[in-house]
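Notes follow once the structure below has been shown.
There are 2 protein chains.
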Amino acid sequence: MGNQMTEMLKGTLEGIVLAILARRSAYGYEITASLRDRGFSDIVEGTIYAVLVRVEQRGFVDVEKVPSEKGPPRKVFTLNAKGRDQLAEFWRTWSVLAERIEELRNTDNQHGEGA
Amino acid sequence: MGNQMTEMLKGTLEGIVLAILARRSAYGYEITASLRDRGFSDIVEGTIYAVLVRVEQRGFVDVEKVPSEKGPPRKVFTLNAKGRDQLAEFWRTWSVLAERIEELRNTDNQHGEGA
DNA sequence: TACCGGTACCTAGTGTTACTGTCTACCGGT
DNA sequence: ACCGGTAGACAGTAACACTAGGTACCGGTA
Numbered sequence: 002m003g004n005q006m007t008e009m010l011k012g013t014l015e016g017i018v019l020a021i022l023a024r025r026s027a028y029g030y031e032i033t034a035s036l037r038d039r040g041f042s043d044i045v046e047g048t049i050y051a052v053l054v055r056v057e058q059r060g061f062v063d064v065e066k067v068p069s070e071k072g073p074p075r076k077v078f079t080l081n082a083k084g085r086d087q088l089a090e091f092w093r094t095w096s097v098l099a100e101r102i103e104e105l106r107n108t109d110n111q112h113g114e115g116a
Numbered sequence: 002m003g004n005q006m007t008e009m010l011k012g013t014l015e016g017i018v019l020a021i022l023a024r025r026s027a028y029g030y031e032i033t034a035s036l037r038d039r040g041f042s043d044i045v046e047g048t049i050y051a052v053l054v055r056v057e058q059r060g061f062v063d064v065e066k067v068p069s070e071k072g073p074p075r076k077v078f079t080l081n082a083k084g085r086d087q088l089a090e091f092w093r094t095w096s097v098l099a100e101r102i103e104e105l106r107n108t109d110n111q112h113g114e115g116a
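Here the protein sequences line up with chains C and B, keeping their order.
Using the numbering used here, you'd call the opening residue of the first sequence number 2 and step up by one each time.
Using the numbering used here, you'd call the opening residue of the second sequence number 2 and step up by one each time.
Written out as structure tokens, the structure is:
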């Protein structure tokens, strides 16, 4: 797992988690699974919990404890209004960056246009 | 200047600089100007020098001191083979990440499709 | 009963990164 | 003698994802 991906995830991982919560409420373990399904297979569980603590402290999500049949109670996160604002801001920032980088790639004709 | 962009630049800025050097050799001040031209107007000069120190230490660039008529001698950076490899790796990682995030955006139908 | 594995959550410590603020140094123009 | 533009450099800071563990609950198996 290249650490390059690790560095690139900085600043985007939080948005990714918010985007997943925008679809439906979920708890940590579930979000981790969801990420794996979506190809983010290199993201470790502990990292997700750290992100969730952060978004909770910043007030982007509402939290509800739900008992589960197995293991400790689930901590279900629901995106709230502030979180939706943050998510919108994330998409704006991402769009700007992605656009500029794609322009850069188009003018960069050296990188073995193989694939 | 949202700090969101700041965080997102982590992990991409180095690749951006390498991509600029892939087009032609340049010195720090020039690279900063080039970035401004390309819309990365929020990146500060000092940051670029830090990136250049890093890529030099990692051996991605060759360095040549060229006297200038004004100010101290220019430190001209040229992308070498190792640097081109690193750039290729950057584009690969970026493609993977960008693709996954775009998929996530497509399945996220909540974020006011304003623009 | 005793143990293991899966579910679910949490935390301290580490390394990397970009920014802020400031500094040195050279030069031409006023 | 001073200022602004060119060119480079650096210490300190904040934010971030990862490593590497740990706690707790439960069902199944030996």
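Virtual Cβ for every residue (Gly too), placed ideally from N, Cα, C.
By how many angstroms is the C-alpha of residue j removed from the C-alpha of residue i?
i, j, result
"ARG85/C", "VAL56/C", "12 Å"
"LYS83/B", "TYR30/B", "23 Å"
"THR33/C", "VAL45/C", "8 Å"
"VAL62/B", "ALA27/C", "46 Å"
"LEU14/C", "SER69/B", "43 Å"
"GLY40/C", "ILE17/C", "12 Å"
"ALA99/C", "ASP38/C", "23 Å"
"ASP43/C", "GLN5/B", "23 Å"
"THR108/C", "LYS71/C", "54 Å"
For the alpha helix (DSSP H) that contains residue i, what are its first and last residues?
i, result
"ASP86/C", "82–108"
"ASP38/B", "29–38"
"ILE44/C", "Counting along the chain, ILE44/C falls outside any alpha helix (DSSP H), and DSSP gives it neither H nor E."
"GLU15/C", "14–24"
"GLU8/C", "4–10"
Residue i: buried (16+ other C-beta within 10 angstroms of its C-beta) or exposed?
i, result
"VAL64/C", "exposed"
"VAL52/C", "buried"
"GLY47/B", "exposed"
"THR79/C", "exposed"
Considering only residues of the same chain and omitting the five flanking positions on each side of residue i, which have a CB-CB separation below 7 Å?
i, result
"VAL67/B", "PRO74, ARG75 and VAL77"
"TYR50/C", "GLY29"
"GLN87/B", "LEU19 and PHE61"
Please confirm whether residue i has its beta-carbon closer than 7 Å to some beta-carbon of chain B.
i, result
"THR48/C", "no"
"HIS112/C", "Low confidence applies to HIS112/C: its pLDDT is 47, below 50, so where it sits in the model is not reliable, and the reading given next is rough at best. Yes, HIS112/C counts as interfacial toward chain B."
"THR94/C", "yes"
Can you check whether the C-beta of residue i is within less than 7 Å of a C-beta belonging to chain C?
i, result
"LYS11/B", "yes"
"LEU84/B", "The sequence as given places Gly at residue 84/B; Leu does not occur at that position. With 7 Å as the cut-off, GLY84/B does not count as an interface residue toward chain C."
"ARG101/B", "yes"
"GLU31/B", "no"
Return the first residue and the last residue of the beta strand (DSSP E) that residue i is part of.
i, result
"GLU65/B", "62–67"
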